[in-house]
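In what follows, a structure is listed as structure tokens, so that the remarks can point back to it.
Chains as they are written, first to last, in our numbering: chain A, 1 to 109; chain B, 1001 to 1256.
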């Protein structure tokens, strides 16, 4: 059974990707591919706007950590905008990712 | 009395060789049967994900070292055989480190250091607990906080600590959790709270807590049954993620 899943990636400007909906094991690949596409097009920095996320699981978190590692080895700049959703925010806080990952305006709080 | 509630979702799908190996490996990483810990009851459940090859592995372990009982639970991120191999590394590393350190926070710190030396990014969550006569000392790394059930209700215990293998300059803290006779500690992985129900709603932490509130008089096996029944009744479709549950309950005082 395939459940209709809300997940959208939009690109408000050349260096930002806004993600809305559920970032989980079923959608994480879509974001990963979109980021690759963006980087292949020569973007030197990337802003991931997670404000409209309604859910994030450990596979979503893993992707954020991998992108952060990659940005440092490949020499591009990653910035994240924290989700507003409490549960998604809790995943970041409960894992220490709120302070370890490059959230814009300091740690997600 | 230790016992184990084996819960498995059977399905008729034919799996590829890779996923079959991953599944077999994963199962071999769980204790075959739970030991008897004097003064305590122990029960566990493991529900494998529907699509084995697509998800990481949950694990739990119970072992005795230098006269003390240790519990561990964790969730390895990653996929298939690779995740199963990492699970094996994590489980055996914790056991090995426990020969030299008895602080759960120290065990997590040492495990983190070893994970960060792996060539491939190796991330996992873990809870590590040392069983004591009247409770446990535990440390949590990027894992949902365990829930303590006693006569006053069900509440999360311990302190959140960073994910293992992921970040630099981080540390973990030990927390002591008292367990009165009949009190229980419930460890679970996010497969429980992330289970999807009608309209895409998630099972969530508050629903789990409400279920556990009803388990105050239950033995360890009954707690496991109550949670797995509740999650399976809630959930729509197949189970998407591995799910593990481990319950440690202090033996109640016999009614006189």
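Just so it is clear, CB atoms sit at the ideal spot from N, CA and C, and this is done for glycine as well.
Pick from the options: whose alpha carbon is nearest that of residue i?
i: residue 955 of chain B; options: B:1072, B:1093, B:1236 and B:1140; result: This structure does not reach residue 955 of chain B, given that chain B is present from 1001 up to 1256, and the question cannot be answered.
i: residue 1180 of chain B; options: B:1212, B:1163 and B:1132; result: B:1132
i: residue 1125 of chain B; options: B:1134, B:1119 and B:1139; result: B:1139
i: residue 1090 of chain B; options: B:1029, B:1036 and B:1202; result: B:1029
i: residue 1066 of chain B; options: B:1196, B:1231, B:1034 and B:1101; result: B:1101
i: residue 1127 of chain B; options: B:1143, B:1116 and B:1115; result: B:1143
i: residue 1136 of chain B; options: B:1093, B:1099 and B:1178; result: B:1178
i: residue 1156 of chain B; options: B:1169, B:1109, B:1130 and B:1184; result: B:1184
Report back the beta-carbon spacing between residue i and residue j to the nearest angstrom; my notes put them in contact at under 8 angstroms.
i: residue 1145 of chain B; j: residue 1167 of chain B; result: That pair is no contact at about 19 angstroms.
i: residue 1212 of chain B; j: residue 1154 of chain B; result: 4 angstroms
i: residue 1199 of chain B; j: residue 57 of chain A; result: Not a contact, Cβ separation roughly 18 angstroms.
i: residue 1191 of chain B; j: residue 1061 of chain B; result: Rounded, the Cβ-Cβ distance is 17 angstroms, inconsistent with contact.
Exposed or buried, what is residue i when buried is set at 16 or more other beta-carbons lying within 10 Å of its beta-carbon?
i: residue 1041 of chain B; result: buried
i: residue 6 of chain A; result: exposed
i: residue 1243 of chain B; result: buried
i: residue 96 of chain A; result: buried
i: residue 1176 of chain B; result: exposed
i: residue 73 of chain A; result: exposed
i: residue 1092 of chain B; result: exposed
i: residue 37 of chain A; result: exposed
i: residue 1169 of chain B; result: exposed
i: residue 1253 of chain B; result: exposed
Helix, strand or coil for residue i, going by three-state DSSP, please let me know.
i: residue 1190 of chain B; result: helix
i: residue 1053 of chain B; result: A caution first: residue 1053 of chain B carries a pLDDT of 48, below 50, which makes its placement in the model unreliable, though a value can still be read off. Looking at residue 1053 of chain B - three-state DSSP - the assignment turns out to be helix.
i: residue 1216 of chain B; result: coil
i: residue 48 of chain A; result: strand
i: residue 1144 of chain B; result: coil
i: residue 1253 of chain B; result: coil
i: residue 1080 of chain B; result: helix
i: residue 1087 of chain B; result: helix
Contacting positions in the stretch 1160-1193 of chain B - beta carbon closer than 8 angstroms to chain A: 1160, 1161, 1162, 1163, 1166, 1167, 1168, 1170 and 1190
Scan the stretch 85-102 of chain A for residues whose Cβ lies nearer than 9 angstroms to a Cβ of chain B and list them as they occur along the chain. Listed by position along the chain: 87, 90, 91, 93, 94, 95, 96, 97, 99, 100 and 101.
When Cβ atoms are compared, which residues of the stretch 17-48 of chain A fall closer than 7 angstroms to chain B? 25
Near-chain A residues of the stretch 1071-1083 of chain B - C-beta to any C-beta below 8 angstroms: Cβ contacts with chain A come from 1075, 1077 and 1078.
With 7 angstroms as the limit, tell me which residues of the stretch 50-70 of chain A have their beta carbon closer than that to any beta carbon of chain B; keep them in chain order. 55, 57, 58, 59, 62, 65, 66 and 69
Chain-ordered residues of the stretch 1221-1241 of chain B with a beta carbon less than 9 angstroms from chain A: 1236, 1237, 1238, 1240 and 1241
Residues of the stretch 1106-1128 of chain B in Cβ contact with chain A at a cutoff of 8 angstroms, in chain order, please. 1121, 1123 and 1125
Could you list the residues in the stretch 1138-1157 of chain B with a C-beta less than 9 angstroms from some C-beta on chain A, going in chain order? Answer in chain order: 1140, 1141, 1142, 1143, 1144 and 1145.
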